[in-house]
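I have placed the structure first, in the form of structure tokens, so that the comments after it can refer back to it.
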Amino acid sequence: MSETITTMSKDNVRVLKAEERVSDAASVAMLTKALVDGVDTCFARLDTQRSQCTFGKNGVCCRLCYMGPCRITAKAPRGVCGADADTIVARNYVREAASGTAAHSDHSRHLVLLLKKVAAGRGGSYKIADEPALRRAARLYGIEENGRTREAVALDLANLFITEFNGQEDPLRTLKLAPVKRQGVWHNRGILPSGIDRMVVESLHRTHMGVDHDYRNLLLHAFRTSLADGWGGSRVASMASDILFGTPSPVRSRANLGVLGEKTVNIIVHGHEPALSEMLAIASRDPEILAAAQAAGAEGLTLAGICCTANEILIRHGIPVAGNFLQQELAIITGAVEMLITDVQCVMPSLPEVAKAYHTEVISTSDIAKTIGAAHVPFDETRALENAKALIRRAIANFKNRDPGKVAVPKASQPLVAGFSVAAIKYMLGGTFRASFRPLNDAIIQGRIKGIVGVVGCNNPRIKTDSYVNALTRELIKHEVIVLKTGCAAIASAKAGMLTPEAALALAGPGFREVCEAVGIPPVLHMGSCVDNSRLLEAATEVVLEGGLGDDLSEVPVVGVAPEWMSEKAIAIGCYFVASGVDVILGHPFHIGGSENVTRFLNEETRDLFGASFHVHTDPLEAAAAIMDIINRRRERLGINRKAERKLYDMKDRRALNV
Ligand code: NFS
Ligand code: SF4
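Written as structure tokens, this is what we have:
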């Protein structure tokens, strides 16, 4: 097990052991196997990329026009056009936030268009799975639903959602779901976003050569665009998926590579959009399909997920999770995956290369996301169930090509409970007849729960996989903080066994443990995929509306953390949290170090603008201390920290201790 992982390069990079790169036993075993099988992974490639560009890292490389590319140094403080470090760093940042917003929102658009087709009776095998969710959403937007058919209501809602994308001048309607005071903040700062598509286009326009050069003006647009994600595209995506596929409620399952069957046909779905994976989930239970798998000599069929597609079908169907972002290559290395089906986002282009060493077929299904070496099977929504069945049959046919000598499925997997939508949390706290956030607010006011922290985002091979997420989460639970999770961070907790009610008994501080025991919830609530970060905002808004904890998100003891992030989507998420009044801790910094002004704006000036800012803490325990500090300051301001409570060390105390 402790075999050394060498790199594919011949230079003298420090050689890390598998245990130094990944946290869980399954990943350690597969990374070790990669070496034996001669397979290149992102971990090895990080080594060959070891001397990464410091200009890029500091955000001072500009290639926006063909007088360049330009890079800013002490001797060359301006690009050919005259742009300085502030302008260049800010422009690059706006483009990152716009790209993240585009990814979440294009995903959202696909769901909205599907909802419209379903409403018009052209949805094929799709239907409105959750009529109460549809009617709830319609009421939020003032759409008449009483006495009307669900199709008519769905059509109005889908059309309204479409105007959220193509609106030109009016602010997004979905912003109205935020606390009134916060809407006022956005108005006063001039960052009420209009149509989502327009915000992204404007980002590209403003960052074109020779347009917007004022770093503050640029950065405000990064926040405005990101608000169109969090309180627009992502929020709409969660609503549309709940209507089409069902609002999540707590469901049991398992996570980690050990969910793959040694003797079953294994199919992995990977990416983000739930439309195809929903159908695969349904098709995978079809008796005919199961019989076909047995006829092929397998003991059955295992469907499992990676990344956010995994989260989508986990929270609605309890389909097991094979792993998070950095396990996509490792899953193939088990030698036991017949087919890996991808849709969009976070799919490594290396997958077909890895698959060459095994029998795994990599299938791309979205026409906007192809990879050389992957077979492309375009997914046709109008024939979704047939498409899904055909894919599964193709995977079954591939079972006979499995090389038993190459199969090594790690035993590791952990039980979990996931699926905590806001509706589900309300129900768990208050029951059917008085579903409410009151018990949560009361627990926070009484100090049994100190605050709410959303831990979200990716893995990044620069950080030992899951290590920061899990160390931080453990510390927060101990300090009586309820942790809400989405995306790959949620999967990290699942693999570490923290998504079970039993984890509360073992890990939670005393007051919080009582609450978890009384309600029967885990200390860490898995709320879904990354677009479901909108559910975190929804939950925080419910806390505000319930009363007693301030009347804006900037007053509630709530913090967001992106520990091991890597994606531009994380930048959009971070920005809409901060613009919503929620402080965001990053486990490693943005590419902005080349501009003191941009850094000061994002880490300090935003506090005056939004009541929250970014903070960078590369050490998880330092991050936990900083988070408790923010939470306690907010509790002070609310006047609920009166009781002399156990002393929590702040940063200064911690440093003093280390002396
Ligand atoms: Ni979020 Fe979900 Fe994972 Fe990161 Fe990618 S899967 S959308 S971006 S890597 S958490
Ligand atoms: Fe260089 Fe200016 Fe062109 Fe950027 S926009 S590449 S700084 S000349």
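In the working numbering, each number is its position in the sequence shown, counted from 1, plus 949. From the three backbone atoms N, C-alpha and C, an ideal C-beta is built for every residue, glycine too.
1. Would you grab the beta carbon distance between G1400 and A1034 for me? Rounded to a whole angstrom, and I think it's under 8 Å.
2. Please go through the same chain and pick out, in chain order, the residues whose beta-carbon is closer than 7 Å to the beta-carbon of D1316, but skip the five residues on each side of it.
3. Using DSSP bridges, identify the partner residues of F1563.
4. Does any heavy atom of ligand 1 sit closer than 7 Å to the C-beta of A1304?
5. Jot down the residue ranges of each uninterrupted alpha helix (DSSP H) in the segment 1250-1286, minimum 4 residues, whole runs only, in chain order.
6. So the candidates are A1039, L1279, A978 and V1270; which of them puts its Cα closest to the Cα of C1257?
7. Who are the near neighbours of S1183 in its chain, counting only those whose CB is closer than 7 Å to its CB and skipping five residues on each side?
8. Kindly examine ligand 2 and report whether one of its heavy atoms sits closer than 7 Å to the Cβ of S1034.
9. So what does K1434 bridge to, in DSSP terms?
10. Pull the bridge partners of I1145 from the DSSP assignment, please.
11. Taking 8 Å as the threshold (C-beta atoms), are S1152 and L1334 in contact?
12. Which first and last residues belong to the alpha helix (DSSP H) in which P1120 is found?
13. Which of the three DSSP states, helix, strand or coil, is assigned to R1131?
14. Excluding five sequence neighbours on each side, which residues of the same chain lie with their C-beta closer than 7 Å to the C-beta of N1409?
15. For D1578, does the three-state DSSP call read helix, strand or coil?
16. Please confirm if the segment 1536-1554 is in contact with the segment 1493-1505, defined as three or more CB-CB distances below 8 Å between the two stretches.
17. What does the Cβ neighbour count give for P1120, buried or exposed, with the cut at 16 atoms within 10 Å?
18. Can you tell which of E1222, A1039 and N1350 has its C-alpha closest to the C-alpha of G1436?
19. Helix, strand or coil: how does DSSP classify N1215 here?
20. If you count every other CB in all the chains shown that lies within 10 Å of the CB of V1185, and 16 or more means buried, which is it?
21. Report yes if the C-beta distance between V1134 and T1174 is below 8 Å; otherwise report no.
22. Identify which residue in L1474, A1521 and E1237 has its Cα closest to the Cα of S1198.
23. From G1536 to D1235, what does the alpha carbon distance come to, in whole angstroms?
24. Assuming contact is defined by CB atoms lying nearer than 8 Å, are T1283 and V1358 in contact in what I supplied?
25. Whole angstroms is fine: what's the gap from V1468's alpha carbon to M1377's?
26. Indicate the three-state DSSP secondary structure (helix, strand or coil) for G1496 in the structure shown.
27. Work out the CA separation of M1188 and V977 for me, nearest whole Å.
28. Using 7 Å as the cut-off, classify the Cβ of S1315 as near or not near the heavy atoms of ligand 1, replying yes or no.
29. Give me the Cα-Cα distance between L1454 and P1364, rounded to the nearest whole angstrom.
30. Of the choices G1091, L1083, S1362 and I1111, whose alpha-carbon is the least far from that of T1098?
31. Alpha helix (DSSP H) containing V1061: first to last residue?
32. Can at least three beta-carbon pairs, one atom from the segment 1378-1396 and one from the segment 1548-1565, be found at a separation below 8 Å?
33. Mind checking who A1511 pairs with in its DSSP beta bridge?
34. Residues in its own chain within less than 7 Å of T1567 by CB, not counting five upstream and five downstream?
35. Which residues are close to ligand 2, meaning CB closer than 5 Å to any heavy atom, in chain order?
36. Note the first and the last residue of the continuous alpha helix (DSSP H) segment covering R1549.
Let me lay it out:
1. Translated into positions along the sequence shown, residue 1400 becomes position 451. Translated into positions along the sequence shown, residue 1034 becomes position 85. No, G1400 and A1034 are not in contact; Cβ-Cβ is about 37 Å, not under 8 Å.
2. By one-based count along the sequence shown, residue 1316 stands at place 367. Cβ contact annotation for D1316 (same chain, cutoff 7 Å, sequence separation greater than five): P1327, in chain order.
3. Start at 1 with the first residue of the sequence shown, and residue 1563 comes out as number 614. Within the DSSP secondary-structure output, F1563 pairs in a beta bridge with V1533.
4. Here residue 1304 corresponds to residue number 355 of the sequence shown, with the count starting at 1. Every heavy atom of ligand 1 is 7 Å or more from the Cβ of A1304, so no.
5. Taken in chain order, the complete alpha helix (DSSP H) segments of 4 or more residues contained in the segment 1250-1286 are 1256-1266 and 1277-1282.
6. Counting from 1 along the sequence shown, the entry for residue 1257 is found at position 308. When each option's Cα is compared against that of C1257, the closest is V1270.
7. As a first step, residue 1183 must be located in the sequence shown, where it is residue number 234. Counting only Cβ-Cβ distances below 7 Å, and skipping sequence neighbours, we find H1053, S1057, V1480, N1482 and S1483.
8. Looking up residue 1034 in the sequence shown gives position 85. Reading the sequence as shown, one finds Ala at residue 1034 and not Ser. Not a single heavy atom of ligand 2 lies less than 7 Å from the C-beta of A1034.
9. Taking the sequence shown and counting its residues from 1, one reaches residue 1434 at position 485. For K1434, which the question treats as bridged, DSSP gives the partners V1404 and H1475.
10. Your numbering for residue 1145 matches position 196 in the sequence shown. Bridge partners of I1145: none, in fact.
11. Stepping through the sequence shown from its first residue, residue 1334 is reached at position 385. Stepping through the sequence shown from its first residue, residue 1152 is reached at position 203. Taking a C-beta distance under 8 Å as the contact criterion, L1334 and S1152 do not qualify as a contact pair.
12. Your numbering for residue 1120 matches position 171 in the sequence shown. Membership of P1120 in any alpha helix (DSSP H) is not indicated, and neither H nor E is assigned to it by DSSP.
13. The count along the sequence shown starts at 1 and reaches residue 1131 at position 182. Of the three classes helix, strand and coil, the one that applies to R1131 here is helix, per DSSP.
14. Sequence index remark: in the sequence shown, residue 1409 carries index 460 (1-based). Shown here for N1409: same chain residues with a beta carbon closer than 7 Å to its own, the five before and five after excluded, namely E1513, W1514 and M1515 in chain order.
15. In the sequence shown, the residue the question calls residue 1578 occupies position 629. Note: D1578 maps to helix in three-state DSSP.
16. Not touching, per the Cβ criterion.
17. What you label residue 1120 is simply residue 171 of the sequence shown in a count that begins at 1. With 16 or more other Cβ atoms inside 10 Å of its own Cβ, P1120 counts as buried.
18. Indexing the sequence shown from 1 puts residue 1436 at position 487. The shortest C-alpha separation from G1436 is found at E1222.
19. As a working mapping, residue 1215 is identified with position 266 in the sequence shown. Assignment of N1215 by DSSP, reduced to helix, strand and coil, places it in the strand class.
20. Taking the sequence shown and counting its residues from 1, one reaches residue 1185 at position 236. V1185 sits buried, since 16 or more C-beta atoms from the chains shown fall within 10 Å of its C-beta.
21. What you label residue 1134 is simply residue 185 of the sequence shown in a count that begins at 1. What you label residue 1174 is simply residue 225 of the sequence shown in a count that begins at 1. For V1134 and T1174, no; Cβs fall outside 8 Å.
22. On the sequence shown, position 249 is the one that residue 1198 refers to. Here the closest residue by C-alpha is L1474.
23. Within the sequence shown, residue 1536 is the residue found at index 587, counting from 1. Within the sequence shown, residue 1235 is the residue found at index 286, counting from 1. Spanning the two alpha carbons is a distance of roughly 44 Å.
24. Stepping through the sequence shown from its first residue, residue 1283 is reached at position 334. Stepping through the sequence shown from its first residue, residue 1358 is reached at position 409. Their beta carbons are under 8 Å apart, which means T1283 touches V1358 by this criterion.
25. The residue you call residue 1468 lines up with position 519 of the sequence shown. The residue you call residue 1377 lines up with position 428 of the sequence shown. Cα to Cα, the separation comes out at about 7 Å.
26. By 1-based counting over the sequence shown, the position of residue 1496 is 547. Assignment of G1496 by DSSP, reduced to helix, strand and coil, places it in the coil class.
27. Here residue 977 corresponds to residue number 28 of the sequence shown, with the count starting at 1. Here residue 1188 corresponds to residue number 239 of the sequence shown, with the count starting at 1. V977 and M1188 have their C-alpha atoms some 38 Å from each other.
28. Walking along the sequence shown from the start, residue 1315 turns up at place 366. Relative to ligand 1, S1315 has its C-beta separated by 7 Å or more from all heavy atoms.
29. Position 505 of the sequence shown, counting from 1, holds the residue named residue 1454. Position 415 of the sequence shown, counting from 1, holds the residue named residue 1364. Cα to Cα, L1454 sits roughly 15 Å from P1364.
30. For the purposes of this step, residue 1098 is taken as residue 149 along the sequence shown, with counting starting at 1. Of the listed residues, the one whose Cα sits closest to T1098 is L1083.
31. For this step, residue 1061 is matched to residue 112 along the sequence shown. In the DSSP assignment, V1061 falls within the unbroken alpha helix (DSSP H) covering A1034 to A1068.
32. These segments do not touch.
33. Position 562 of the sequence shown, counting from 1, holds the residue named residue 1511. Note: A1511 sits in a beta bridge opposite L1535.
34. In the sequence shown, the residue the question calls residue 1567 occupies position 618. So the list reads G1536 and H1537, once near-sequence residues are dropped.
35. Qualifying residues, in the order they occur: C1011, L1013, C1014, M1016, G1017, C1019, G1028, V1029, C1030, A1032 and M1158.
36. Translated into the one-based positions of the sequence shown, residue 1549 becomes position 600. Residue range E1545 to R1549 is occupied by the alpha helix (DSSP H) that includes R1549.
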